[in-house]
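Some notes on the structure that comes next.
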Amino acid sequence: MNYNILVTGSNGQLGTEMRNLSVQYPNHTYFFTDIAELDITDRTAVARFVQDNRIDLIVNCAAYTNVDKAEEDEATARLINATAVENLAVTGVRIIHVSTDYVFSGSESVPCRETDAVAPQTAYGRTKLEGEQLLFAANPEAVVIRTAWLYSPYGNNFVKTMLRLGAERDELRVVFDQVGTPTYAADLAAAIFTVIETPEWYPGIYHFTDEGVCSWFDFTVEILRRAGISCRVIPIRSAEYAYKTPRPAYSVLDKAKIKQTFRVQIPYWTDSLDDCLARLK
């Protein structure tokens with residue numbers, strides 16, 4: 562298989578890891594774009610780009626991910642998380658689109674399956690769910706991969722923030738009553754390439770995070786311990802933290818479907834954290 566692949570949002574965490582990993586798959590021709598190269602909110606520009614470059618497959622890594630700002634400016638979040646997704650969908654080419662655990666209520670107590678009821682509680686979650694719905698309405702053969710707690714050596718993310726704060730402060734107060742799975746962007750990129758390289762195309766919704774479960778408190782303790790930073794981490798309840806926007810209490814996704822369908826190998830989250838920390842050094 563030799564595809565002309567368009568990767569949108571290629572300057573973000575996931576897009577950058579897609580670019581890094583693409584050298585291992587030289588059989589494809591890649592078009593890595595961000596807002597400067599292609600404005601995906603412009604339907605005409607998207608159609609022209611796909612036609613001119615004979616794109617066979619789109620991997621949409623672009624998203625409006627600022628949960629708090631989305632509450633204040635839901636229109637912009639919708640433009641990027643929903644309208645732009647529809648613009649990509651109507652081109653008719655195969656699409657792998659990345660979505661989020663925020664489409665669920667966050668009040669579950671067992672890992673969420675792809676078939677579970679959705680009930681987003683935030684503007685971010687609502688616009689991401691709308692993107693999924695518009696995508697499948699226009700392009701039923703699409704693949705959606707929902708993920709959670711993404712981090713990498715690039716951009717702004719929880720790991721880099723805790724490393725910085727841990728080095729600056731004597732103690733950190735971190736919530737212990739929000740549970741999920743840290744997901745290394747390099748692992749998600751590898752899973753996407755596994756989907757691309759699978760001879761059969763299996764459309765639908767899939768869940769991907771790294772293996773294991775922890776709280777933000779647990780995650781912080783491991784980040785600092787493994788980085789050799791001595792900073793006291795104090796567990797607090799979400800109610801003690803001044804969130805502008807509610808965060809899901811439970812963000813664990815069931816990954817059985819993607820493992821069974823694509824034979825994806827998923828690392829344990831602490832092993833991937835070690836790899837990220839080594840790269841940051």
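As numbered in the working numbering, residues 562 to 842 make up the sequence shown, in order. In this text, a Cβ means the ideal position worked out from N, Cα and C, and glycines have one as well. All figures in this text were calculated on a predicted structure; none of them were measured in a lab.
With DSSP as the reference, identify every bridge partner of I619, one or two as the case may be. For the purposes of this step, residue 619 is taken as the residue at position 58 of the sequence shown. The partner list for I619 (beta bridge, DSSP) reads L567 and I656.
Using 10 angstroms around the beta-carbon of L690, count the other beta-carbons present and answer buried if the total reaches 16, otherwise exposed. What you label residue 690 is simply residue 129 of the sequence shown in a count that begins at 1. It counts as buried.
Name the two residues that bound the continuous beta strand (DSSP E) containing R609. Your numbering for residue 609 matches position 48 in the sequence shown. Segment R604 to D613 is the alpha helix (DSSP H) holding R609; no beta strand (DSSP E) there.
So is S812 in contact with chain D if we call contact Cβ pairs under 7 Å? Among the chains in the structure shown there is no chain D, since it carries only a single protein chain.
Do V659 and I706 have their C-beta atoms closer together than 7 Å? Along the sequence shown, one-based indexing puts residue 659 at 98. Along the sequence shown, one-based indexing puts residue 706 at 145. Judged by beta-carbon spacing, I706 lies within the 7 Å limit of V659, meaning their Cβ atoms are closer than that value.
Suppose you measure from the CA of A650 to the CA of N581; what does that come to, to the nearest Å? Stepping through the sequence shown from its first residue, residue 650 is reached at position 89. Stepping through the sequence shown from its first residue, residue 581 is reached at position 20. One C-alpha to the other measures close to 25 Å.
If we count Cβ pairs, one from each stretch, closer than 8 Å, do we get three or more for the region 736-745 versus the region 793-802? The region 736-745 vs the region 793-802: in contact.
Runs of 3 residues minimum, wholly inside the region 773-799: which ones carry the beta strand (DSSP E) assignment? Whole beta strand (DSSP E) segments, 3+ residues: 793-797.
N-terminal and C-terminal residue of the beta strand (DSSP E) that F737 is part of: In the sequence shown, the residue the question calls residue 737 occupies position 176. Per DSSP, F737 belongs to no beta strand (DSSP E) and is neither H nor E.
Mapping DSSP to helix, strand and coil, what is L814? Here residue 814 refers to the residue found at position 253 when the sequence shown is read from its first residue. In the structure shown, L814 sits in a strand (DSSP, three-state: E or B).
Is there contact here, the region 567-578 with the region 766-781, by at least three beta-carbon pairs under 8 Å? Touching, no, given that fewer than three Cβ pairs across the two stretches are closer than 8 Å.
May I ask you to report which of helix, strand or coil DSSP gives V679? The count along the sequence shown starts at 1 and reaches residue 679 at position 118. Three-state DSSP puts V679 in coil, outside helix and strand.
Between F593, A608, D634 and D662, which lies nearest to A623 when the distance is taken from Cα to Cα? Your numbering for residue 623 matches position 62 in the sequence shown. It is F593 whose Cα lies nearest to the Cα of A623.
Looking at C-alpha atoms only, which residue of W830, T605, T626 and D613 is the closest neighbour of G716? Here residue 716 refers to the residue found at position 155 of the sequence shown. Comparing alpha-carbon positions, the option among W830, T605, T626 and D613 lying closest to G716 turns out to be T626.
Return the residue from the list A678, G765, T759 and L599 that minimises the CA-CA distance to F697. Mapped onto the sequence shown, residue 697 falls at position 136. Out of A678, G765, T759 and L599, G765 has the C-alpha closest to the C-alpha of F697.
Taking the alpha-carbon positions, what's the V584 to A699 distance? Numbered from its first residue, the sequence shown carries residue 584 at position 23. Numbered from its first residue, the sequence shown carries residue 699 at position 138. Within the model, the alpha-carbon separation for V584 versus A699 is close to 31 Å.
Over what stretch of residues does the beta strand (DSSP E) that includes S825 continue unbroken? As a first step, residue 825 is located in the sequence shown; it is residue number 264 there, counting from the start. In the sequence on display, residue 825 carries Val and not Ser. Per DSSP, V825 belongs to no beta strand (DSSP E) and is neither H nor E.
Please return the same chain residues whose Cβ sits closer than 6 Å to the Cβ of F780, not counting the five positions on each side in sequence. Position 219 of the sequence shown, counting from 1, holds the residue named residue 780. The residues P743, in chain order, have a CB closer than 6 Å to that of F780 in the same chain once the five nearest residues on each side in sequence are set aside.
From the DSSP output, in three-state form, read off I706 for me. Within the sequence shown, numbered from 1, the residue matching residue 706 stands at position 145. Assignment of I706 by DSSP, reduced to helix, strand and coil, places it in the strand class.
7 Å CB neighbourhood of Q682 in its chain, flanking five on each side removed: Position 121 of the sequence shown, counted from the start, is the residue given in the question as residue 682. These residues qualify, in order along the chain: S666, G667 and P807.
If you check the beta carbons only, do E729 and R793 fall under 7 Å apart? Residue mapping note: residue 729 aligns to position 168 of the sequence shown, counting from 1. Residue mapping note: residue 793 aligns to position 232 of the sequence shown, counting from 1. The Cβ atoms of E729 and R793 do not sit closer than 7 Å to each other.
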